[in-house]
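Notes to accompany the following structure.
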Amino acid sequence: MEYVSTRGGTRAVDFEGALFSGYAPDGGLFMPQRIPSLGRDTLQSWSSLSYPELVKELCSLFIPAKQVPRNALDELIDRAFSRFRHKNVVHLSRLKDGLNVLELWHGVTYAFKDLSLSCTGQFLQYFLEKKKKHVNILVGTSGDTGSSAIESVRGQKNVDIFVLLPKGLCTQIQELQMTTVIEDNVHVFAAHGNSDEIDEPIKELFADVDFAGKYNLMSLNSVNWSRIMVQIAHYFYAYFQCTPSLDMNPLPMVEIVVPTGGGGNITAGCIAQKMGLPIRLVTVVNSNDIIHRTVQNGDFSLAESVKATLASAMDIQEPYNVERILWLLSGSDSRLIKTLMEQFNISKRLKLPEDLHRKLSETLGSCSASDQDIVGAMWRCWEENQYLLCPHSAVAAHYHYSQPHSIPRCCLAPASAAKFQDALLRAGLVPQIPPEITALTAMETRSTPLERGQDWAQVLRGQIEAVTQQWGAQGGQCAPQSRGGSLSR
């Protein structure tokens, strides 16, 4: 199994190469050169597997045993899920009116990103320990990615992580989940700016090829293939939980509704579909609706500005993983994808070719939800079920309540409602706060302020240089990296 760039301008890499990369050197994203195809017998044999067992089976298809032997892979995944609160790691809640909610948020930070990042952190440590190497992870976050990334590598001796958060623009809980982690390898910066502004110094550091290579910068956002790979399991588990029978011919369809921001999760769904899983996919967004417009009209163009919504983790203008989906649907036509994405990068506007748009609209349904829609779905779900939805999950529930369905449907729930107290209060609901989250307010915090007028990129450079020199002085050496980098939110 090798991985190639969606733009075709760089050599293929193995799983380790893809893991330690952000963007490919040509600006594209790494994807498997070949998507495995699964037959009916395999699906039937997998139908009784637990979620962790599905992750193991799927990862073994994309990670050759010569790189990570199967017994070692199984141990890494078991270790990754050892801190999850639910005995099944994920849980399906079956609610009234056919609303099935797959809770993906039973990890340490109460967000779905814990699932893929906990595994990715274990994969990183496996290779770093074998080679006695060190990397610096650079993350910009508007909410959940920062805390999940921190938890995936906290305390690891071969990794330092630098997280920039927009001070006051995350929820209090999201911010505390980052600033209360007091570890030598965790470095949190509270920037007095918005998400777009914190992106700028990160872009600058990754664009400095010499610096990024010398100090081994890497990303843990969904640009990283490892995260996409783990998330494929969501769809197999949802399908097996919701399908009425595997004895029918053809196998019955299940519709899976996916709250979408950067597009990593819906990309994993498209891969699962390509592998032979009989699912219908619906991507749902908030008022930042570029993916909805792309599916409906072939219009992959930026709006004038990002709109602040209750579903804040989905307040994204450029869903970079759409490039992976277009590459899949184009038949791996890297020349076409390179042309399209270069056009988009210049003008921030793109009209999809008619054939590619047709394939996209056949693959995905789509829907956008306003804040009023979100509040309405949260309220209705509580009234009918006494079940609290986070605002992102409520985007999926809004689709369910507004669109009749003739086949089983599963809505993915990316975060716990406990993290979004303001949204609950706006919906007239009473937050239910777990003791682990309540305890955050009494804990020691640590972060470095980044004030307006400071050269934020220079501050980061100094910190990264100091940390790397300290690690080298202790007898370590730095891991050779690809020259690609990326942002994460």
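Numbered per the UniProt record's numbering, the sequence shown spans residues 1 to 489. Ideal placement from N, C-alpha and C gives every residue a C-beta, glycine not left out. Since the model is a prediction, treat every value here as computed from it, not as a measurement.
- request: Whole angstroms is fine: what's the gap from residue 266's alpha carbon to residue 166's?
  value: 26 angstroms
message: In this structure, how does DSSP classify residue 495 when only helix, strand and coil are distinguished?
response: With the chain covering 1 to 489 only, the question about residue 495 has no answer from this structure.
message: List, from N- to C-terminal side, the beta strand (DSSP E) runs of 3 residues or more that fit wholly inside the UniProt domain "Threonine synthase N-terminal" (2 to 81).
response: The UniProt domain "Threonine synthase N-terminal" (2 to 81) contains these whole beta strand (DSSP E) runs: 3 to 5, 30 to 32.
- prompt: Which ranges does the beta strand (DSSP E) cover as unbroken runs of at least 3 residues, wholly within the region 303 to 373, from first to last along the chain?
  reply: List check, beta strand (DSSP E) in window: 364 to 368.
task: Assuming residue 135 and residue 216 form a contact by the criterion Cβ under 8 angstroms, report the distance between their Cβ atoms to the nearest whole angstrom.
output: 5 angstroms
query: If you count every other CB in all the chains shown that lies within 10 Å of the CB of residue 331, and 16 or more means buried, which is it?
result: exposed
- prompt: What's the gap between the Cα of residue 99 and the Cα of residue 63?
  reply: 35 angstroms
query: Using the rule of at least 16 other Cβ atoms within 10 Å of the residue's Cβ for burial, across every protein chain shown, is residue 103 buried or exposed?
result: buried
task: Could you check what DSSP says for residue 199 in three-state terms: helix, strand or coil?
output: Helix.
task: Kindly indicate which three-state DSSP category residue 144 falls into: helix, strand or coil?
output: helix
query: How far does the alpha helix (DSSP H) with residue 129 in it reach, from first residue to last?
result: 113 to 131
message: In the DSSP assignment, the beta strand (DSSP E) including residue 166 goes from what residue to what residue?
response: 159 to 166
message: Looking at the strands, I want to know which residues DSSP matches up with residue 279.
response: 254
query: How big is the Cα-Cα spacing for residue 188 and residue 111?
result: 19 angstroms
message: Could you check whether the region 276 to 285 touches the region 427 to 434, counting it as contact only if at least three pairs of C-beta atoms, one from each stretch, sit closer than 8 angstroms?
response: no
- prompt: Would you call residue 368 buried or exposed, if buried means 16 or more other Cβ atoms sit within 10 Å of its Cβ?
  reply: buried
query: Going straight from the alpha carbon of residue 174 to that of residue 41, what length do you get?
result: 43 angstroms
message: Would the region 51 to 67 count as touching the region 228 to 246 if we require 3 or more Cβ pairs under 8 angstroms?
response: yes
- prompt: So what does DSSP say about residue 470, is it helix, strand or coil?
  reply: helix
- request: Note down, in chain order, each residue of its chain lying with its Cβ closer than 8 angstroms to the Cβ of residue 424, except the 5 sequence neighbours on either side.
  value: 378, 388, 417, 430, 431
query: Does DSSP put residue 482 in a helix, in a strand, or in coil?
result: Unreliable positioning characterises residue 482 in this predicted model, as indicated by a pLDDT of 39, which lies under 50. A coordinate reading is not provided.
field: From 81, 48, 193, 14, residue whose alpha carbon lies closest to that of residue 450
entry: 193
For residue 139 and residue 149, believed in contact at Cβ under 8 angstroms, the rounded distance: 5 angstroms between Cβ atoms; contact.
query: Using the C-alpha atoms, what's the distance from residue 385 back to residue 39?
result: If I take the Cα positions, the gap works out to 38 angstroms.
task: Round the Cβ separation of residue 317 and residue 302 to the nearest angstrom and send it over; I've been treating them as touching at under 8 angstroms.
output: Yes, residue 317 and residue 302 are in contact; Cβ-Cβ is about 5 angstroms, under 8 angstroms.
Closest by C-alpha distance to residue 517, when choosing among 351, 287, 354, 360: The chain is shown only over 1 to 489; residue 517 falls outside these bounds and no answer can be derived.
- prompt: Considering residue 426, what are the terminal residues of the alpha helix (DSSP H) in which it resides?
  reply: 421 to 426
query: Is the region 20 to 38 close to the region 78 to 94, with three or more CB pairs under 8 angstroms?
result: With contact defined as three or more Cβ pairs closer than 8 angstroms, the region 20 to 38 and the region 78 to 94 are not in contact.
- prompt: Do residue 185 and residue 202 have their C-beta atoms within less than 8 angstroms of each other?
  reply: no
query: Within 10 angstroms of its Cβ, does residue 405 collect 16 or more other Cβ (buried), or is it exposed?
result: exposed
query: Taking residue 117 as the reference, which of 87, 74, 19, 67 has the closest Cα?
result: 19
- prompt: According to the neighbour-count rule (16 or more other Cβ atoms, all chains shown, within 10 Å of its Cβ), is residue 453 buried or exposed?
  reply: exposed
message: For residue 392 and residue 313, what's the separation of their Cα atoms in angstroms?
response: Residue 392 and residue 313 have their C-alpha atoms some 8 angstroms from each other.
task: Go through its chain and collect everything with a Cβ distance to residue 147's Cβ below 6 angstroms, but skip five positions before and after it.
output: 109, 177, 178
task: Using a threshold of 8 angstroms, state whether the C-beta atoms of residue 219 and residue 22 are closer than that.
output: yes
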